[in-house]
Structure formats: structure tokens, C-alpha cells
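If you count by this note's numbering, then the sequence shown holds residues 107 to 629, one letter each, in order.
The beta carbon of each residue, even a glycine, is placed where N, CA and C say it ideally should be.
Here the structure is a predicted model, which means the values were calculated and not measured.
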Amino acid sequence: MVASSRPGPALIEGARPTNVFTRHELLGDTVLDCDVVIVGSGSGGAPVAAELAEAGFDVVVLEEGSYYATRDFTADTSAMVRQLYRDGGASMALGTPPVMFQEGRAVGGSTVINGGMSWRTPDEILARWQKDHGLDVSPQALEPYFERVEKRIHVAPMDHDAIGNDNWLLKKGADAKGWNIIGNLRNQAHCVGSNRCAFGCPTGAKQSTLVSYIPRALHYGARVYADVRVDRITMNGKRAVGVMGHVALNGGAGKGPSINVRAKLVVAACGAIHTPALLSRSGLQSRSGQLGRNLSLHPNVKVVALFDEDVTGWRGAHQAFQVREFAHENIGTFAAVNLPPSIIAMSLPHKGAQLGALMDRYNHMVVAGLLCEDTDTGHVKTLRGRPQAFYQLAERDAATMQRGLHLLSELLFAAGAKQIILPFAHATQICNADEARKLFANPIPRSSWEVVTVHMMGTAKMGRDRTSSVTDNFGFMHDVDRLLISDASLFPTPIRVNPMETIMALATRAAGHVIDNAKKFLQ
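This is the structure:
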């Protein structure tokens, strides 16, 4: 695939573009014809849409969520959660402990609500994929796709004046311990540090697909249909020939007119939870038995550290630094992750006057978290057409996370924290490093942990061997013609770092493969 010199579009601002359609226009049953239909508009779907539209193909993008422009993102946290998150941000993987996970449900997908961390897949992960799964994904092979993505979404370090006190305290603690800490690379163009990343960037600085790939796709003629839930992929024998769905009303609870899209190529980019559900609803299975299996989550835990000094963690960029000292132990990162008061209050075990007194100290809080590269997997089942994730935190991963919490606590005390509230069901708090050592000397039951994630991966994994994988080297489903999967469900293993850039690079690579083989896929 050759990079185009054609100019790109401006960001979406003001009036909704004429080729974005919503439930307000889709008042009757609709039939569409196109070259390519893409289900999902996030980090897997939008790059494919932009690349194929720019190459001259007729592209239709279907998104279950609604369309919002930058001007629609406000400081009303509860409203943003209702509008932008699936299940109000409270989707759950069942197990011990249950793991709450968040997915975006809007044009732009989860890129609208993520922190914008943009990291290439670690070389050792790519080497593992090559050796164990036969994939042609060496760092050298993926280099042009990473470069193309980084240019499109403006991957860059944070401007110094956009970094808040909570992140400087994280760095202070890491420096005091002598641990490796690096500046975060994020998809942003001069972020001003409003710290609203998780609720829709109010300035358009964060280059989500809403303001990067989607405008580019529209510029080259793609059509985007928001508020459309896809029920199934339509088949002609073993060939995917389109999708059937309906207009989603009342936040997805209501069912409006039908929509039938006929296409030469179908792209499923619904994420690792909903892509296997879409395939299952369509009667599609993998002879490998791996569809819906191999679910990894990068389990996260967070702590709230209280300082004497005024932190005002709500000022400054989300996750300006990452501590990578213990990546070799499967402790992927430590980071400062400020949250609004309402969300912190919901996550704390305290109640009544005790909670009120604690929240009075909001401006003295640093919320910090860690990510674990999990070694065991869960699965997704489709029940009555809806996905349900199941995931059991492995004992060795719980031990890794417990060590990570101990280390993170040491870092925060080294930075000057006076009290740390830990992510356990009982109101556990520690006030110094000695208390931390005593607490973490013995295993803490997994059932008491409060675990969350935003990185769901692996449920339609790539591989050369069709008896052990769901898709081929580019994401085309084994045994089904003209069905491309383009999201994190392709990952054979977790990747230790934030997955967005990897998804985008694989999507760009797959789009290039389609363009280079247009006679095979688009005739």
C-alpha cells in the first residue's frame, strides 16, 4: 500500500456532516449497496474505512452508538457516561472476582473514551506471535503501518505545561525509588490538560477516530450510519454478502426500522466482546473451537493516595507518565489516572459521614493504577443474542497484582503520600511503608479484590493454523469468504501495553492487503 499525498479533511466541528446519518433520518426500512460494510467505528473499523474510502471504494460504516461532535462533550460526567459508554460503563465479566469493564458506544467507539495512550506492540510480543502462531508481524514488517498510524493520529509526548501535579508526584516517587519511568505517548495535538479524556475530549485535541479517521473516511465519500445495531451477517453459502440490522432507539433498548446492507466485503470491528457475539448470531463458528475463547483483559487495580499538599489531580493530562520498571514481571505499567469525584466515591468502600469526610479531601488525592499482563484467559458466550464474558483471575496473576500494589504503594509513600486506600472490598488502608509490608506479606483473597479493565482482547485470534485459530494472518476468518475481523479480538495473547495503536496498525495492514488484492475481495 502506497501512502497518498491527497489532503486530509478538517476536524468534525459545527453541523453534522451530510454523509453521517442517525436515527432521526432513518425513519423507514433501508436497503444499501456498497463495496465494503464495516460494523464498528473505533480503532479497528475507522482506519479500514478511511484507507478503503481513500483508495476509491464505496464504504458504509455502521455504529450502534450515537454521533456526537466535540462540542457535545461536557463536564456533566453522569450524562457523558450514559451517552458514550455501553451499559453505563458497568459491563461485567463474571468470575472471582467479577471484573468490571468499559466499552465506548458512539461514533469513534472506545477511542472517544480512552486515555489516548499510543504504544507500538512490544518487540517480544511480536516475536511470540511469530514463533507460536506463525504470523508475519515482525517489527520491521509492521514499521510502515505504525508510522502511518502515528502520523494520522498525531502520536506525541505531552507538552510540559499540560502535565498535572498527580503525574509529577508519580514521577517523584519513581525517581526516589530509582525506577524506570517514561513520558507517555498519546494521540493528541497540544492537549491542554482538561483531564476529560474518559468522557469525550472537549477540545478535540485527543485524536480519537471521531476527529481523525472518521472525517478522513467521510472526506473520501464513506457513509456513516449511527444508531444502527447489526443483528447478523448475511451469507450466500460460505461467502459473507452483507449485514442485517435495525435502528437502535432509546439508547439501544428500542428497536426501530430495519437496515439491510449488501456488500462485497464485510468487516466486523465490534471489539473482543461483541465480534464473537455477532458471528455467533450469524450462525458462524470456527473449526478451531476458539471463537469467543482466549479472552484476556489486562486486569487493572487502582489505589487512592492522600497527600498533605494540594494536588488538584483534575488539572493536567491523563497519564502523562508510565512506570515500566517491572514489565518483565508482567506488571505492565503504573500510572496516575485521576477520576471525577462521583466515580471515586462509588469505588470507595467507605459510607456516610466517613465517605463525606474523605471526599472533602478530593483535591489532595492521587488516583494511581497498575496493569497486569494476564497469563490465563476467559471466554465470551452468546446468550439470547447478547454476549456475556466469563473470566477467572488466575492465582499467579493475583499474586503479580498483589506485588504490583505493594510496589505502587512504596512509590506513593516515597512521593509523600500519608494514606493509601486499597482496592479491596473491606476498607483497607495503609499509612506507611511498614504497614504495606505487613499487609502484603500474605496472600489477599481474590474474592475481595475490585478489578476493572478497558483492554479486552483475543476472542477471534489470528494464526496460520486454522485448527487452532479463528482468522488468518490478516484477520480474514478461516472457512468464510470475504469476512474480515479488525479489532483486538485478533490478538493471540495480551500485549502488556495499551492496545489502540496495535489495533490501528493491524487494521491499516489489513486494508492495504485488501487494496492490493482488490480483484479477490472487491469484485
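Exercise. Along the chain, where does the alpha helix (DSSP H) that runs through residue 606 open and close?
Worked result: 606-622
Problem set entry | Cβ-based neighbour list, residue 338, same chain, cut-off 6 Å, excluding 5 preceding and 5 following | 350, 387, 388
Problem set entry | Beta-carbon proximity list for residue 252, same chain, < 6 Å, skipping 5 on both sides | 226, 611
Exercise. Taking the alpha-carbon positions, what's the residue 260 to residue 614 distance?
Worked result: 16 Å
Exercise. Anyone know if the C-beta pair for residue 421 and residue 301 falls short of 8 Å?
Worked result: yes
Exercise. Residues in its own chain within less than 6 Å of residue 424 by CB, not counting five upstream and five downstream?
Worked result: 221, 301, 303
Exercise. With respect to the beta strand (DSSP E) encompassing residue 530, which residues constitute its N-terminal and C-terminal limits?
Worked result: It is not in any beta strand (DSSP E) - residue 530 carries neither H nor E in the DSSP assignment.
Exercise. Is residue 373 buried or exposed, if buried means 16 or more other CB atoms sit within 10 Å of its CB?
Worked result: buried
For this session: Kindly examine the ligand PLP and report whether one of its heavy atoms sits closer than 7 Å to the Cβ of residue 446.
Result: Only the bare structure without any ligand can be found here, which leaves the ligand PLP out of the picture.
Problem set entry | Nearest residue (CA-CA) to residue 625, options 595, 306, 571, 588 | 588
Exercise. In chain order, what residues of the same chain lie with their CB nearer than 6 Å to the CB of residue 438, ignoring the 5 residues before and after it?
Worked result: 477, 479, 602
For this session: Quick one: give me the first and last residue of the alpha helix (DSSP H) that residue 462 is part of.
Result: 458-465
For this session: Spatial neighbours of residue 122 within its chain, please: CB distance less than 8 Å, with the 5 preceding and 5 following residues excluded, ordered by chain position.
Result: 128, 173, 175
Problem set entry | Cα-Cα separation between residue 569 and residue 622, rounded to whole angstroms | 21 Å
Exercise. Just checking my contact of residue 217 with residue 315 at CB under 8 Å: how many whole Å lie between their CB atoms?
Worked result: 5 Å
For this session: Just the C-alpha distance for residue 457 and residue 474, rounded to the nearest angstrom, thanks.
Result: 21 Å
For this session: Measure the Cβ-Cβ separation of residue 536 and residue 553 and say whether it is below 8 Å.
Result: no
For this session: Could you name the residues of the same chain whose beta carbon sits closer than 7 Å to that of residue 608, not counting the 5 residues immediately before and after it, in chain order?
Result: 227, 601
Problem set entry | For residue 171 and residue 215, the rounded distance between their alpha carbons | 8 Å
Exercise. With 16 other CB atoms within 10 Å as the buried threshold, where does residue 116 fall?
Worked result: Residue confidence is low: residue 116 scores 41 on pLDDT, short of 50, so the model does not pin down where it sits. Its coordinate-derived value is still stated next. Flag for residue 116 reads exposed.
Problem set entry | Distance, residue 286 Cα to residue 229 Cα | 18 Å
Exercise. What residues are listed by DSSP as bridge partners for residue 329?
Worked result: 166
Problem set entry | Proximal residues to residue 414 (C-beta, below 8 Å), its chain only, five neighbours per side dropped | 470, 522, 524
For this session: Take residue 426 and list the residues in its own chain whose beta-carbon comes closer than 8 Å to its own, dropping the five residues that flank it on each side.
Result: 264, 268, 269, 270, 273, 289, 290, 442
For this session: Using three-state DSSP, classify residue 379 as helix, strand or coil.
Result: helix
Exercise. Do you know offhand how far residue 55's Cα is from residue 152's?
Worked result: Summary: the structure shown does not reach residue 55, with the chain confined to residues 107 through 629, and so no result is reported for it.
Exercise. Roughly how many angstroms lie between the CA atoms of residue 363 and residue 383, to the nearest whole one?
Worked result: 22 Å
Exercise. So is residue 417 buried or exposed if we call it buried at 16+ other beta carbons inside 10 Å?
Worked result: buried
Exercise. What does a CB cutoff of less than 6 Å around residue 112 pick up in its chain, not counting 5 residues either side in sequence?
Worked result: Note that residue 112 has pLDDT 41, beneath the 50 cutoff, so the model's placement of it is unreliable and no number is given.
Exercise. Excluding five sequence neighbours on each side, which residues of the same chain lie with their C-beta closer than 6 Å to the C-beta of residue 620?
Worked result: 627
Exercise. So, is residue 573 buried or exposed, given that buried needs 16 or more other C-beta atoms within 10 angstroms?
Worked result: exposed
Exercise. Taking the C-alpha atoms as reference points, what is the distance between residue 556 and residue 357?
Worked result: 28 Å
Problem set entry | residue 401 beta carbon less than 8 Å from that of residue 266 | no
Problem set entry | residue 276 to residue 542 span [Cα, whole Å] | 18 Å
Exercise. If we ignore side chains and look at the alpha-carbon of each, how far apart do residue 200 and residue 498 end up?
Worked result: 8 Å
Exercise. Who are residue 138's beta bridge partners in DSSP?
Worked result: 367
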